[in-house]
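Engineer:
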Amino acid sequence: MKHVIDINETGTDADVLTETGGGLIKRSLLGEEPLVAHLDDDEEPRYVLRNKKQGVTVDRTDGTEEYAPVGRYSGLAVVTDVRLLFVVGGNDQDRRLSLSLADIVDVRTEDGVVGSELVAETEGGAAYRFPCKGDLAEVVEYFDAAAGIWRRAEQRIERAEREFKKLQDYFESGDADVVLAATADVRETLDAARREAEPLPTAHEKITDHADTVEAHLADLERRAHSERAEQARERAHVRWNDHEFEAAFDHLDDAAEAYRDAMAVDAAEPSEALLKRRCETLSEERSRLAAAPVERAEHAVDVATEADDPESTIDWWKAAVDRYETALSLDWGRDERRFDGDPDALREELASAAEHLVEAYCDLAREHIEADGEDGPTDSGTSTVDLDLATQALDDARAVARERFPEATDEIERVQAQLDEYTTDDGTEPTASAPTTVEASTGPVAGRETRVDHDGQLEQNHDLTASTKPANEGDRHSNGAAVQDQDADTDGTGADADPDGTAVGDEEAPATLEAVDPEQFTNLVSAVFRETGWTTTLFETSRESQYDLLAETDGPIGVTACVWTFHPESVEAVDAARIERYAAHLTHAEEGDAAAVCSMAPLSETARKRADEHGVEVLDADDLREMVAEHGIDLAEF
12 MKHVIDINET GTDADVLTET GGGLIKRSLL GEEPLVAHLD DDEEPRYVLR NKKQGVTVDR
72 TDGTEEYAPV GRYSGLAVVT DVRLLFVVGG NDQDRRLSLS LADIVDVRTE DGVVGSELVA
132 ETEGGAAYRF PCKGDLAEVV EYFDAAAGIW RRAEQRIERA EREFKKLQDY FESGDADVVL
192 AATADVRETL DAARREAEPL PTAHEKITDH ADTVEAHLAD LERRAHSERA EQARERAHVR
252 WNDHEFEAAF DHLDDAAEAY RDAMAVDAAE PSEALLKRRC ETLSEERSRL AAAPVERAEH
312 AVDVATEADD PESTIDWWKA AVDRYETALS LDWGRDERRF DGDPDALREE LASAAEHLVE
372 AYCDLAREHI EADGEDGPTD SGTSTVDLDL ATQALDDARA VARERFPEAT DEIERVQAQL
432 DEYTTDDGTE PTASAPTTVE ASTGPVAGRE TRVDHDGQLE QNHDLTASTK PANEGDRHSN
492 GAAVQDQDAD TDGTGADADP DGTAVGDEEA PATLEAVDPE QFTNLVSAVF RETGWTTTLF
552 ETSRESQYDL LAETDGPIGV TACVWTFHPE SVEAVDAARI ERYAAHLTHA EEGDAAAVCS
612 MAPLSETARK RADEHGVEVL DADDLREMVA EHGIDLAEF
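Sequential numbering of the sequence shown, starting at 12, is according to my numbering.
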């Protein structure tokens, strides 16, 4: 019998595998069972090595062990696709030693006493020596390939297990997103281990079983991580919801719904399918409540405003109703499908109605102040100055609302204004109009040109601002939109305007900061900023529902005309998203402008800035204006 037997040549029914040997002349192989009995059912033998007397020697760091055959029995070494198995025959029993291919780090041949030795070294540092007279070259080559396959496959499995342990720690720390971001990499490592073991059928089966076990644990963790991510998104949604950031809240609920769907798509046991479905149902109910919340808040404000007993509370709640309807109308702007309840056309009607009621509430408050000390009609003493000021403020607030939201309400405002005017003169007669103010020439050149429009919408005059006229102040404009200059205004010849009592009022201290600019001069200041940068401007008195305050034009290869809206904190508390959307919509229909800009000392909400960015509306805020005023040396004393 050969000392090195290739099973691929002899077949698995070779005598060396199926018989114990022996007889009158033959040397026995094993004493108890044939070699095949020592192999697993799915194990495939590749080579069998034989020696007569030496058996196998194991060199360890703490000594040497020898396993030699007894009597006429032999020493056998079988190389399979999963291990190196040594079986040494004996009278009483056969002894066996088994090495997994994954544990073998080196296989080589060395010259021995009676021929070559097959030497297999393990990770633990032991060297297994099997003397054999046959040609061991092919055996060593197979070992190198098979052991390398096993080792690389096992290393990948171990790497996947280490990564899985890290992901468990991340999950316990609440970092579900980290877990979900890394699961694909762990799966790829497991797949690589399976592919690595494919050349060895039995090895592939064992590696696959091991990889499947790790992947099953990974799937459990992934399903739990998706569920945890959904719960975290729900919590964020509730926080945003409580802060009335409805779009952000809905985005988080959408994220939660997606995470629950992802969890149910993972083939794992926990959380259970029933539990995930119940959570999805709860989430669906929350989405429905959130969709209705903005309109319900607006309707609640209307109900409270309607039941309010005093004008101040009525105003507060109608203002809340206006703000809330504006919010409801602005939600999901630009989306193909609205997530929130409320038909936009119906919401616009409700918004107009709330604005109308707010104007009425301001008018009621003005009447209350007018009548506070003058219930018997105008007298020589008249109503107290404080009450008249409060009435005037209420009417100014009413006009601001009407101008922006409900222009039809101006008739009611003017009726109350007429009632107020009866109390603003000592003799009870209709007050006379004050004289127009003289407009002084500015002292320095301005780069652009300014055009003003009269109350009929016609050009009143062109000013070549390189020679320069100072922009007219708000008092120089007609109430219906005209900007007027009167060269016949009363002056005392000193360049200063005169009060009715003859007192000069010209040399006031110039404002030191942008915030100190007269609110009525703010649009003129913005116009000056544009002109200093080379634009030509056309001013209008006040913005209506969507009408701009000025047009700014610039020449060049491609001319640009911008519709510009200006806001001072005293005229508007903050610029909201709904206002930006109206201006963007106006621009789409306006023939005279191809760009839009908002210049505001009043703050812009985060949503308003987002809408402006989406619609291409340029924003110049207080910081931008402050920088441009400083850069171009604009004298704030003129404003």
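Idealized CB from N, CA, C, for every residue including glycine.
Does histidine 255 pass the burial test, meaning 16 or more other C-beta atoms within 10 Å, or should it be called exposed?
Structural biologist: Exposed is the call here.
Engineer: For valine 586, write down the residues that DSSP places opposite it in a beta bridge.
Structural biologist: Leu615.
Engineer: What's the C-alpha gap between glutamate 239 and lysine 288?
Structural biologist: C-alpha separation (whole angstroms): 14 Å.
Engineer: From arginine 163 to aspartate 52, what distance separates their C-alpha atoms?
Structural biologist: Answer to the nearest angstrom: the Cα atoms are 24 Å apart.
Engineer: Using only alpha-carbon positions, find the residue among Pro212, Leu201, Glu284 that is nearest to arginine 235.
Structural biologist: Closest by alpha carbon: Glu284.
Engineer: Among Arg290, Tyr373, Phe417, Ala623, which residue has its Cα nearest to the Cα of leucine 407?
Structural biologist: Before going further, note that residue 407 is aspartate rather than leucine in the sequence given. Nearest option by C-alpha distance: Tyr373.
Engineer: Our contact map puts aspartate 88 next to leucine 129 with C-beta atoms below 8 Å; I'd like the distance itself, whole angstroms only.
Structural biologist: Looking at the sequence itself, residue 88 is alanine, so the reference to aspartate does not match. Right, their Cβ atoms sit about 7 Å apart.
Engineer: Assuming contact is defined by CB atoms lying nearer than 8 Å, are alanine 331 and alanine 312 in contact in what I supplied?
Structural biologist: Yes, these two residues count as a Cβ contact at 8 Å.
Engineer: Starting from tyrosine 139, trace the beta strand (DSSP E) both ways and give me its first and last residue.
Structural biologist: From DSSP, the beta strand (DSSP E) with tyrosine 139 extends over 138–143.
Engineer: So is tryptophan 328 buried or exposed if we call it buried at 16+ other beta carbons inside 10 Å?
Structural biologist: Looking at its Cβ environment, which holds 16 or more other Cβ atoms inside 10 Å, tryptophan 328 is buried.
Engineer: Starting from the C-beta of serine 616, find all residues in its chain whose C-beta is less than 8 Å away, skip the five residues before and the five after it, and write them out in chain order.
Structural biologist: Taken in chain order, the residues that qualify are Ala585, Val586, Asp587, Ala588.
Engineer: Please confirm whether isoleucine 381 and alanine 402 have their CB atoms less than 8 Å apart.
Structural biologist: Going by C-beta atoms, isoleucine 381 is nearer than 8 Å to alanine 402.
Engineer: Which runs of the alpha helix (DSSP H), 4 residues or longer, sit entirely within the segment 319–383?
Structural biologist: With a minimum length of 4 residues, the continuous alpha helix (DSSP H) runs that stay inside the segment 319–383 are 322–341, 355–382.
Engineer: Just to confirm my understanding: we take tyrosine 336, look at its own chain, exclude 5 residues before and 5 after, and list those with CB closer than 7 Å. What are they?
Structural biologist: Here the set comprises Ala309, Leu358, Glu361, Leu362, Ala365.
Engineer: Answer with buried or exposed for proline 210, where buried requires no fewer than 16 other C-beta atoms within 10 angstroms of its C-beta.
Structural biologist: When all chains shown are included, proline 210 counts as exposed.
Engineer: Are the beta-carbon atoms of arginine 622 and tryptophan 344 separated by less than 8 Å?
Structural biologist: Taking 8 Å as the Cβ cut-off, arginine 622 and tryptophan 344 qualify as a contacting pair.
Engineer: Measuring alpha carbon to alpha carbon, tell me which of Ser109, Glu20, Ala608, Trp161 ends up nearest glutamate 207.
Structural biologist: Nearest of Ser109, Glu20, Ala608, Trp161 to glutamate 207, Cα basis: Trp161.
Engineer: Return the CA-CA distance between glycine 353 and aspartate 334, expressed in angstroms with no decimal places.
Structural biologist: In a straight line, the C-alpha of glycine 353 is about 15 Å away from that of aspartate 334.
Engineer: Does the beta-carbon of arginine 173 have 16 or more other beta-carbons within 10 angstroms, so that it is buried, or is it exposed?
Structural biologist: So arginine 173 ends up on the exposed side.
Engineer: Return the bridge partner residues of glutamate 77 from the DSSP annotation.
Structural biologist: Answer is Thr68, bridged to glutamate 77.
Engineer: Sort Ala596, Thr68, Pro614 by Cα distance to alanine 606 and report the nearest one.
Structural biologist: The candidate whose alpha carbon is nearest that of alanine 606 is Ala596.
Engineer: Name the one or two DSSP bridge partners that leucine 110 has.
Structural biologist: DSSP, once it has assigned bridges, lists Leu95 as partnering leucine 110.
Engineer: Counting only the same chain and skipping the five closest in sequence on each side, list residues whose C-beta sits under 8 Å from that of lysine 13.
Structural biologist: Cβ neighbours of lysine 13 beyond the five flanking positions: Arg61, Gly145.
Engineer: Can you tell me whether DSSP reads proline 530 as helix, strand or coil?
Structural biologist: Note: proline 530 maps to helix in three-state DSSP.
Engineer: How long is the line joining the alpha carbons of alanine 268 and glutamate 258, rounded to whole angstroms?
Structural biologist: Spanning the two alpha carbons is a distance of roughly 15 Å.
Engineer: To which residues of the same chain is glutamate 386 closer than 6 Å at the C-beta, ignoring the five residues directly before and after it?
Structural biologist: With a pLDDT of 49 at glutamate 386, under the threshold of 50, the modelled position of this residue cannot be trusted, and the question is left open.
Engineer: Just how far apart, CA to CA, sit proline 614 and proline 530?
Structural biologist: Cα-Cα distance, rounded: 15 Å.
Engineer: Please report the residue range of the alpha helix (DSSP H) in which glutamate 128 lies.
Structural biologist: Here glutamate 128 belongs to no alpha helix (DSSP H); instead the beta strand (DSSP E) covers 127–133.
Engineer: Where does leucine 286 land, buried or exposed, given buried means 16+ other C-beta within 10 angstroms?
Structural biologist: The residue in question, leucine 286, is exposed, as its Cβ has fewer than 16 Cβ neighbours within 10 Å.
Engineer: Helix, strand or coil: how does DSSP classify histidine 14 here?
Structural biologist: Coil.
Engineer: In three-state DSSP terms, what is isoleucine 645?
Structural biologist: Three-state result, isoleucine 645: coil.
Engineer: From this set, Glu348, Asp632, Thr325, which residue's C-alpha is nearest alanine 405's C-alpha?
Structural biologist: For alanine 405, the nearest C-alpha among the options comes from Thr325.
Engineer: Any idea which residues DSSP pairs phenylalanine 578 with across the strands?
Structural biologist: Per DSSP, Ser611.
Engineer: Starting from asparagine 253, trace the alpha helix (DSSP H) in both directions and tell me its first and last residue.
Structural biologist: Element bounds for asparagine 253: 212–253.
Engineer: Does the separation of the CB atoms of alanine 230 and alanine 279 fall below 8 Å?
Structural biologist: It is a contact, given that the beta carbons lie within the stated cut-off.
Engineer: Please report how far the alpha carbon of glutamine 243 lies from the alpha carbon of histidine 249, in whole angstroms.
Structural biologist: Rounded to the nearest angstrom, the two C-alpha atoms are 10 Å apart.
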